[in-house]
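Take the sequence shown: its letters are residues 43 to 576, numbered as in the working numbering.
Down below is the structure, laid out as C-alpha cells.
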Amino acid sequence: MTEQKKRYTILGIFVAMFLFGAFFLRETGVYFDENQEERILYMNILQYGETLRIPKLTNWFQWKEEYHPICVEADKDHGSAPYYLCAPLLMKLDQHPDAVRLQSEVWHAYTYALFFLGVIYMYRLLWELFRDRRTALLGTLMLFLTPRIFADGLYNNKDSVLMSLIIVMLFYGIRFLERKDFKNACLLGICAGFCGNLKISGIYVFAMIGGFYLLILTTEKKWSGKTFFVGLTAAVVGFLSYLTLTPAIWGQGFHLWEFLMWNLSNSTEYSRMDGKVLFDGTWYVHSTNPLPWYYLPKLIALTIPVYLSVLLWSSIGIWIYKGRKHQWNFADRIYPLFALTSGIPVLVAMLCDPNLYNGWRHMYFIYGPMIVMMAYAVRYLLQQPEIRARRIATAMLVVLIGCNGVGIALTGQSSSAYTNILAGGDACGRYEMDYYGVTAKKVLKSLVDRYGEICIRSDGCGATIVNYYVLPAEYREKIRLVSSQEEIQAAVAQGKLVLGCVNPSYDILPEGEDVVWLEDWKAWGNTYMKIRKY
C-alpha cells in the first residue's frame, strides 16, 4: 500500500469513528449540572463585557437578573474557556421556542467535538513518539472505545474536555521537548492557558512538562541562550493565556494569588459538595466517613477494560527491561513523564484523602498519559522479531478493542454504567452506575415509543424530570408529569399508565406487595434504571 493510500485509510477510519460517536448524541440526556455550567459560561462572557466595556456583550444580559459577573460567583473556579466560541450560538438560541432542547443539543455536539479533538491528537502524539501507524491507531482506538470514557465524551464538558486538551498539550509538549523551538513553545503555552482555565490540574501537567524540559537541558548539557528563551516563552505565553482566558482573576481588580488558592482548595476539598459515594456496597460521605485509601486505583481498575490494565502495568516492566538492556530511544527516555504525570495524582489521592465523588471523573486528565503508557507496551509487542508473534499480538488487540466497540454500539450512552468482569455480576448495588442520570432521555423516549401516552413520576430520580424538558415536542406531548400521590391515584383511576423511573444506585427502592416492577434497564450486565408501574 502506498503512503498516500495509508493516509486516506487512516482518514477514513477517523471519519467512521467520529460518525459512530455522533450517532449516539441523539440519545444523550441532560446531566444535573448542565444548566449551571451554561450559566458559568454566560457569566464569564458578562465579566468580559462589563470589565472591557463591550456593549454587544452586556446588552444580552439586560433583564436577566439571574446572571452576575463571574468574579462574585462561588463557581468562579469552574473555567469554560473552550466554550467561548460556542457561546454566541447558545445565546442566539435563547429566544427560540424550543430553546432548552436546542441549546442542550448544541452543548453536547460541541462537547463531543472537543472530545474527538483529543482522540485525533492522541493519534498524533503516539505517531510523534513511536513513528508507527499501527501503534498509533491501536492506542487511539483504546482511548476512544473505553466505554465510560466514550459515554462521558458525549456530554462531560469539564473532565472529558480537560482530558482531551491535556492530550493536545502533551503533543505540543513532546514537540517542545524534542525540537526546543519557539513555535511549539507558544502552542504549548496556549494549550496550558486553556487547560489551566478548566481546572488547576491543567497547570500541574504544564509544570511537569516544564520540569522535564529543565531536566533534559541539564542532563544533556544543552543549555544556551536560545533554549533559555524558548523555555521562558512557553512560561510567559502560558501565563498570559491563562490570564486572558480567566476573567475571574482580573474582572474586579487583580487577584491572581487569591484565585489560585481558592482554586487549589476547591480542587482537593470541594466545600460546596460533601461527596457521597457508593463503593464496595457501602455509602461513604466525605465529611463523616471518608473513602478508603484504595478507592481510586481500585475503581479505575474496575471501570476500564482488563486488558488495558494489563498493558499499563506491563509497560513499566518493559521500560525497566529495556533500560537494563541499554535499548532506550527518545520514547523510552520520555516515558517517565507520562508515568509520573498519571501516577503522582493517584498517589496523592491515596495519601491525602481528597473529596472525590462520581467515580473517578475528576481524574480523567491522567487517562491520556495512561493510554500512552499502554501504547508503549503495544509498540513493544509489535516490535517482536518473530512475524507470528507480531501477528498474534495485533490480532488479539484488534479482537479486544473490537469487543469494546460492539459493546458500545449495543449500549451507547448507557456505557456510563460499564464495569469489567472484576466487579463481578450486576454491580449496581455496589458501585455507581449513572451518577448524572444522562440515560433518562433514552429511557423516556423508549417508554413513549412502546406505551404511547404515559404519566411519569420521578420517584426520586430527578434526572427524569430534567430530561423531560429536552425531549422532542412529539415526545413531551405524550408525557404527563405527576408528583403527588393524589395525582397518581387520579391518573390510575382514569385508566392512565403511570410509571416511575428509579436509579437503583441512589434511590431507595420501594418495597411492598403493591409495588410492581415493570422492567429493568441494563448495560454491560449492570442495572442502571428500574421502571415501576403504579
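A virtual CB, placed ideally from N, CA and C, is assigned to each residue, including glycine.
Being a predicted model, the structure only gives us computed values, none of them experimental.
DSSP bridge partner residues for residue i (one or two, in chain order)
| i | result |
| --- | --- |
| Thr324 | Phe321 |
| Leu541 | Ile498 and Lys575 |
| Trp102 | For Trp102, which the question treats as bridged, DSSP gives no partner whatsoever. |
| Lys564 | Thr569 |
| Val558 | Lys575 |
| Tyr473 | Phe321 |
| Arg522 | Cys497 |
| Asn331 | Val327 |
| Gly295 | Gly293 |
Through-space distance from residue j to residue i, alpha-carbon basis
| i | j | result |
| --- | --- | --- |
| Gly401 | Val319 | 8 Å |
| Arg518 | Tyr511 | 7 Å |
| Trp92 | Pro111 | As written in the sequence, residue 92 is Glu, which differs from the Trp given in the question. Approximately 8 Å between the Cα atoms of the pair. |
| Leu88 | Ile463 | 48 Å |
| Cys497 | Pro396 | 42 Å |
| Phe192 | Trp265 | 42 Å |
| Asn446 | Tyr473 | 20 Å |
| Phe224 | Tyr214 | 11 Å |
| Leu83 | Glu170 | 34 Å |
| Gly494 | Gln536 | 16 Å |
| Leu560 | Met133 | 41 Å |
| Leu257 | Pro378 | 12 Å |
| Tyr125 | Gln527 | 42 Å |
| Leu338 | Tyr109 | 36 Å |
| Val57 | Met164 | 15 Å |
| Ile507 | Leu523 | 8 Å |
| Ser456 | Val557 | 26 Å |
| Leu539 | Ala249 | 58 Å |
| Gly54 | Gly267 | 44 Å |
| Tyr73 | Gly479 | 6 Å |
| Ile251 | Leu219 | 8 Å |
| Tyr399 | Tyr50 | 42 Å |
| Leu179 | Ser329 | 44 Å |
| Leu298 | Cys237 | 16 Å |
| Gly449 | Thr275 | 46 Å |
| Pro189 | Arg176 | 21 Å |
| Ala465 | Tyr570 | 15 Å |
| Phe321 | Cys470 | 10 Å |
| Glu80 | Phe103 | 14 Å |
Per-residue DSSP class, three states only, for residue i
| i | result |
| --- | --- |
| Tyr493 | helix |
| Asn371 | coil |
| Ser547 | coil |
| Ser122 | coil |
| Glu262 | coil |
| Val440 | helix |
| Ala190 | At residue 190 the sequence reads Arg, which differs from the Ala that was named. Correct three-state label for Arg190: helix. |
| Phe74 | coil |
| Pro97 | helix |
| Lys200 | coil |
| Met315 | coil |
| His110 | coil |
| Lys483 | helix |
| Gly401 | coil |
| Ser468 | Going by the sequence as given, residue 468 is Asp instead of Ser. DSSP places Asp468 in coil when its eight states are reduced to three. |
| Cys233 | helix |
| Ile87 | helix |
| Asn446 | helix |
| Glu79 | helix |
| Glu428 | coil |
| Tyr478 | coil |
| Lys241 | coil |
| Cys128 | coil |
| Ile52 | helix |
| Gly385 | helix |
Proximity test, Cβ basis, 8 Å: residue i and chain D
| i | result |
| --- | --- |
| Tyr477 | This model lacks chain D altogether, as it is built from one protein chain only. |
(request) Please confirm if the region 531-543 is in contact with the region 424-441, defined as three or more CB-CB distances below 8 Å between the two stretches. (result) In short, these stretches do not touch, since the Cβ pair count stays below three.
(request) Tell me, please, whether the region 145-160 touches the region 420-440 by the rule of three or more beta-carbon pairs shorter than 8 Å. (result) no
(request) Could you tell me whether the region 229-244 touches the region 272-288, using the rule of 3 or more Cβ pairs below 8 Å? (result) yes
(request) Check whether the region 234-243 touches the region 108-128, taking contact to mean three or more Cβ pairs, one atom from each stretch, closer than 8 Å. (result) yes
(message) Taking contact to mean 3 or more Cβ pairs, one atom from each stretch, closer than 8 Å, check whether the region 205-221 and the region 479-498 are in contact.
(response) No, they do not touch.
(request) Assess, as a yes-or-no matter, whether the region 195-209 is touched by the region 158-168 under the definition of 3 or more beta carbon pairs within less than 8 Å. (result) Yes, they touch.
(message) Three or more C-beta pairs under 8 Å: does that hold for the region 377-391 against the region 126-143?
(response) Note that the region 377-391 does not touch the region 126-143; fewer than 3 beta-carbon pairs, one per stretch, sit closer than 8 Å.
(message) Going residue by residue through the region 130-173, where are the continuous alpha helix (DSSP H) segments of at least 4 residues, counting only ones entirely within it?
(response) 141-172
(message) Three or more C-beta pairs under 8 Å: does that hold for the region 342-359 against the region 406-417?
(response) A contact exists between the region 342-359 and the region 406-417.
(message) So, does the region 331-348 touch the region 387-395, judging by three or more C-beta pairs under 8 Å?
(response) Short answer: they touch.
(message) Three or more C-beta pairs under 8 Å: does that hold for the region 289-297 against the region 100-108?
(response) no
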